[in-house]
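Chains as they are written, first to last, in the working numbering: chain A, 124 to 350; chain B, 424 to 672; chain C, 4 to 215.
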Amino acid sequence: MTYVKEEIGFVAILARDLRLASRRRVDILLPLGFFVVAVSLFPFGVGPEPNMLRQIAAGVVWVSALLATMLSVSHLYAADHADGSLEQMLLSPRSAYAIAAAKASAHWCLTGAPLVLCAPLLGLLMDMNSQALLILTATLLLGTPILSLLGGLGAALTLGLRSGAVLLILLILPLCIPTLIFGAGAVSAAESGVSVEAHFSLLGALLLLTGLAAPWGTAAALRIAVE
Amino acid sequence: MSAQLRWTTFAAPSRFCALAAATTPWLWAACLLLTVAGLYIGFGVAPTDATQGEAYRIIFIHVPAAWMSMVLYCAMAGWAAIGWAFNTRMASMLAHAIAPTGAMFTFVALWTGALWGKPTWGTWWVWDARLTSELILLFLYLGYMALLAAVDDVQRGDKASALLAIVGVVNIPIIYFSVRWWNTLHQGASVSITAAPTMAKTMLLAMLVMTFAFWAYAFAVVFTRARALALQRERDAEWVQALRKVVPT
Amino acid sequence: MSDLPSLTAHDLACRRGDRLLFKGLNLRLESGRGLWLRGRNGRGKTSLLRLSAGLGAAAAGELRWGDEPIKRSESFRHQRVWIGHQNALKEDLSAIESLQFLARLHGRRHDLPAIQAALAAAGLQDRARAAVRTLSQGQRRRVALARLVLEDEPGLWLLDEPYDALDVDGVRWLGGVLRHHLARGGSLMFASHLPAEADGPVVDTLDLDQQA
Chain A
124 MTYVKEEIGF VAILARDLRL ASRRRVDILL PLGFFVVAVS LFPFGVGPEP NMLRQIAAGV
184 VWVSALLATM LSVSHLYAAD HADGSLEQML LSPRSAYAIA AAKASAHWCL TGAPLVLCAP
244 LLGLLMDMNS QALLILTATL LLGTPILSLL GGLGAALTLG LRSGAVLLIL LILPLCIPTL
304 IFGAGAVSAA ESGVSVEAHF SLLGALLLLT GLAAPWGTAA ALRIAVE
Chain B
424 MSAQLRWTTF AAPSRFCALA AATTPWLWAA CLLLTVAGLY IGFGVAPTDA TQGEAYRIIF
484 IHVPAAWMSM VLYCAMAGWA AIGWAFNTRM ASMLAHAIAP TGAMFTFVAL WTGALWGKPT
544 WGTWWVWDAR LTSELILLFL YLGYMALLAA VDDVQRGDKA SALLAIVGVV NIPIIYFSVR
604 WWNTLHQGAS VSITAAPTMA KTMLLAMLVM TFAFWAYAFA VVFTRARALA LQRERDAEWV
664 QALRKVVPT
Chain C
4 MSDLPSLTAH DLACRRGDRL LFKGLNLRLE SGRGLWLRGR NGRGKTSLLR LSAGLGAAAA
64 GELRWGDEPI KRSESFRHQR VWIGHQNALK EDLSAIESLQ FLARLHGRRH DLPAIQAALA
124 AAGLQDRARA AVRTLSQGQR RRVALARLVL EDEPGLWLLD EPYDALDVDG VRWLGGVLRH
184 HLARGGSLMF ASHLPAEADG PVVDTLDLDQ QA
């Protein structure tokens, strides 16, 4: 019995998801739109005074990015589950770990990366200086993949459940708090002249840990949901 | 029934329910006695604190409640993991029974923390490391219960909530470390087993007695709830039907 | 005849929710043989197929592929083909892209000529580049079943209502594919509520109405 040469299912699934997204380009704009609207709400809530906005800017951008990610990740597996593709993926010779990693990567490419690119513009809305903007973008670059990975875990756990999106936020938000603390904290540290090395090291460590562990948990959750 | 006791003896819902029914009254009695003793020592015997006056006495409820909230989360995650790994329903049911009690202790810890905070620091809430971690722990408990409530299929609910509890337990150190990093102004650890306590011996005694009281309470309540869960889930089993015949309603 | 392992079920029980669909089920599916699952709706045909495919856990009993339990068998992962009710096609992809993805996912031949040949065999050479969204139910079923044409090696095919939505030509075509599969030593288990085709594959029957 000869098997066809194994290639990594990761690439196949990632490529497919990106191709699907290219056929529905408007869907990419929705989380981005939410991101912009959410950040813009804060001046209306707390007043337009530039000094205060500057102080809360990093936190506001980070929280809005977090919420935008969580809202868009809830249907990561829903479509595949509904048309039977998820079943086929889980039954294939590919490891469920690779599937989970591929879906989270696709989510980051389509949601996280645009958020990172858009963040500096929103920081300008809140009158952040260029150094703060740089640190903010860098932390988001490291942090949004973590959010996509954790969101993928939440999406797999809440697959097919009613009010899954809100439940996902409740489940996953506590797990995102360390990322938020180190990410937004780096900007305040930079602004008070403290070294940001520790923040970035911790973010990097979190990314590594989440990158290794989250797909494993997601794979287990997918098998539980599909059974 | 064989008199030999094995690790798996009480994995059978029928035997667990029998155990729970037998021990619960004693647990309630122990809880009552220990609570009375603890409150007496705490509010009657322990001396007034030099800096905080009488208000500090809330610590005899706050600290044991906080300890219980953390211990119960670990117990919940442990039983859920056992239920998942060995496919035993009773272990999963035990985990489900622990969750509301754990959440309650977390809430009590937060609430008494606020009551302690007002006279001590002047505000009802401070975002210090310990209280904030308790708040996040409450979210973790609520998340567990919400996921369980949202899943209709019983087997899926057991496994999914077990996975969530394990993820939570693994994340607790990370969350705690990051919250401490973020803010530290809570009173330093004044009770530890190895170091000399900075509190008077009677204060320590009162806290320990209250902790045991809360332990007995937790056991009593969790056993009762787990028994109810088992009776409900196994309602079609023969032993449950036999019970119904004994108690005609 | 090839040396495909046998699928055996021993004392299999299946639960759905609180109901026990069947219990004490034994079967043995050998290389070159087909099994047609019959029974009224809700008897557990789909559940049995899903369990045999490795989806879900049985309430009792075990399923083996050769000597190994199916969930631990590497060869089972590669040799099993599952096509359920759902076609597993993405609406926004073309028939070629969808089939190519499925073939690539399962480690089968997925070069363009092979895919096009498979779609042509399924009668879809004119609609190969059309988006799945624009295909009829019957055409989508043909795309899903075209996977079977790409199977070079005999394996275990588990099909749930494969004839659904197919027209007369489609039914005849599928019958031919299944006959050829059995002839070269593959094994087959499928559920179908349609009556047996005159020139369809020669199969045994398992009636789940009679299973306790």
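Quick reminder that beta carbons are idealized off the backbone N, C-alpha and C, glycines included.
Keep in mind that this is a model prediction, so the values were computed, not measured.
Does DSSP put residue i in a helix, a strand or coil?
i: Leu127/C; result: coil
i: Met249/A; result: coil
i: Ser190/C; result: strand
i: Asn537/B; result: With the sequence shown as reference, residue 537/B is identified as Ala, and Asn is not the correct amino acid for it. Of the three classes helix, strand and coil, the one that applies to Ala537/B here is helix, per DSSP.
i: Val319/A; result: coil
i: Pro204/C; result: coil
i: Ala619/B; result: The predicted model places Ala619/B with a pLDDT of 36, which falls under 50 and marks its position as unreliable; any figure quoted below should be read in that light. Coil, per DSSP.
i: Asn594/B; result: helix
i: Ala518/B; result: helix
i: Pro72/C; result: strand
i: Val174/C; result: helix
i: Thr11/C; result: strand
i: Asp551/B; result: coil
i: Val614/B; result: Caution applies to Val614/B, whose pLDDT of 39 falls short of 50 and renders its modelled position unreliable; the value that the coordinates give is listed next. Val614/B: coil per DSSP, three-state reduction.
i: Arg18/C; result: strand
i: Trp430/B; result: coil
i: Gly476/B; result: strand
How big is the Cα-Cα spacing for residue i and residue j?
i: Trp449/B; j: Thr458/B; result: 14 Å
i: Thr447/B; j: Ala639/B; result: 9 Å
i: Ile595/B; j: Trp451/B; result: 31 Å
i: Gly580/B; j: Leu560/B; result: 21 Å
i: Glu320/A; j: Ser601/B; result: 15 Å
i: Ile505/B; j: Leu517/B; result: 10 Å
i: Gly355/A; j: Asp172/C; result: The shown model of chain A, from 124 to 350, leaves out residue 355/A, and the question about it has no answer.
i: Leu276/A; j: Ala223/A; result: 8 Å
i: Val592/B; j: Arg112/C; result: 44 Å
i: Met633/B; j: Pro487/B; result: 6 Å
i: Phe104/C; j: His322/A; result: 41 Å
i: Leu330/A; j: Ile269/A; result: 6 Å
i: Ser324/A; j: Ser197/A; result: 29 Å
i: Phe158/A; j: Ala188/A; result: 6 Å
i: Leu608/B; j: Leu563/B; result: Bear in mind that the predicted position of Leu608/B carries a pLDDT of just 35, short of 50, making it unreliable; the figure below should be weighed with that in mind. C-alpha separation (whole angstroms): 23 Å.
i: Leu273/A; j: Leu335/A; result: 11 Å
i: Gly47/C; j: Asp163/C; result: 11 Å
i: Leu280/A; j: Ala205/A; result: 15 Å
i: Arg146/A; j: Asp95/C; result: 7 Å
i: Glu557/B; j: Thr234/A; result: 32 Å
Just to make sure I have the definition right: I need the residues of chain B whose C-beta is within less than 7 Å of the C-beta of residue i. Which are they?
i: Leu294/A; result: Gly566, Leu570 and Leu587
i: Pro301/A; result: Ile597, Ile598 and Ser601
i: Phe305/A; result: Ser601
Residues of chain B with a CB under 9 Å from the CB of residue i: which are they?
i: Gly20/C; result: Asp575, Asp576 and Val577
So which residues of chain A does residue i contact, with C-beta pairs closer than 8 Å?
i: Thr562/B; result: A small fix is needed here, since residue 562/B is Phe in this sequence, not Thr. Simply Leu293, Leu296 and Pro297.
i: Val644/B; result: Correct list: empty, because the minimum Cβ distance to chain A is about 24 Å.
i: Ala70/C; result: According to the sequence shown, residue 70/C is Asp rather than Ala. Correct list: empty, because the minimum Cβ distance to chain A is about 15 Å.
i: Val590/B; result: Leu276, Leu298 and Gly340
Please tell me whether residue i has its Cβ less than 9 Å away from any Cβ of chain E.
i: Leu290/A; result: This model lacks chain E altogether; the protein chains it does include are A, B and C.
Anything in chain C within Cβ reach of residue i, meaning under 7 Å, just list it in chain order.
i: Ala135/A; result: Phe104, Arg107 and Leu108
i: Val239/A; result: The premise fails here: Val239/A is roughly 26 Å from chain C at the closest Cβ pair, so nothing lies under 7 Å.
i: Val416/A; result: Given a span of 124 to 350 for chain A in the structure shown, any question on residue 416/A remains unanswerable.
Name the chain C residues that come within less than 9 Å of residue i, Cβ to Cβ?
i: Gly283/A; result: Correct list: empty, because the minimum Cβ distance to chain C is about 14 Å.
Which chain B residues sit within Cβ distance under 8 Å of residue i?
i: Ser280/A; result: Looking at the sequence shown, residue 280/A is not Ser but Leu. The answer, in chain order, is Leu570, Ala583, Leu586 and Leu587.
i: Asn286/A; result: It should be pointed out that residue 286/A corresponds to Ser in this sequence rather than to Asn. Ordered by position in chain B, the residues that pass the 8 Å Cβ test against Ser286/A are Ala573.
Would you mind telling me which residues of chain A sit closer than 7 Å to residue i, beta carbon to beta carbon, in chain order?
i: Asn29/C; result: In chain order: nothing, as chain A lies at least about 23 Å away.
i: Asn594/B; result: Leu298
i: Ile559/B; result: Pro297 and Ile300
i: Trp605/B; result: Ile304 and Gly308
Under 9 Å between beta-carbons, which chain A residues line up against residue i? List them in chain order, please.
i: Leu96/C; result: Arg139, Arg142, Leu143 and Arg146
(request) Ignoring anything shorter than 4 residues or poking outside the region 34 to 70 of chain C, list the alpha helix (DSSP H) runs there in chain order. (result) Runs found: 48 to 56.
(request) Can you give me, in chain order, the residues of the region 565 to 580 of chain B that have a beta carbon less than 9 Å from any beta carbon in chain C? (result) Asp575, Asp576, Val577 and Gln578
(message) By the 7 Å beta-carbon criterion, what residues does the region 207 to 233 of chain A contribute toward chain C?
(response) Gly207, Ser208, Glu210, Gln211, Met212, Leu214, Ser215, Pro216 and Arg217
(request) Output, in sequence order along the chain, the residues in the region 45 to 58 of chain C whose CB is closer than 7 Å to any CB in chain A. (result) Ala56, Gly57 and Leu58
(request) Compile a chain-ordered list of the residues in the region 144 to 168 of chain A whose CB is closer than 7 Å to at least one CB of chain C. (result) Per Cβ criterion, the list reads Arg146 and Arg147.
(request) Enumerate, from N- to C-terminal direction, the unbroken alpha helix (DSSP H) stretches of 4 or more residues contained entirely within the region 136 to 218 of chain A. (result) 149 to 169, 173 to 196, 201 to 206 and 208 to 214
(request) Can you check the region 101 to 170 of chain C for any alpha helix (DSSP H) of at least 4 residues that lies completely inside it and give the ranges in chain order? (result) 115 to 124 and 140 to 152
(request) Mind checking the region 134 to 152 of chain C against chain A and listing, in chain order, the residues whose C-beta falls within less than 7 Å of any C-beta there? (result) none
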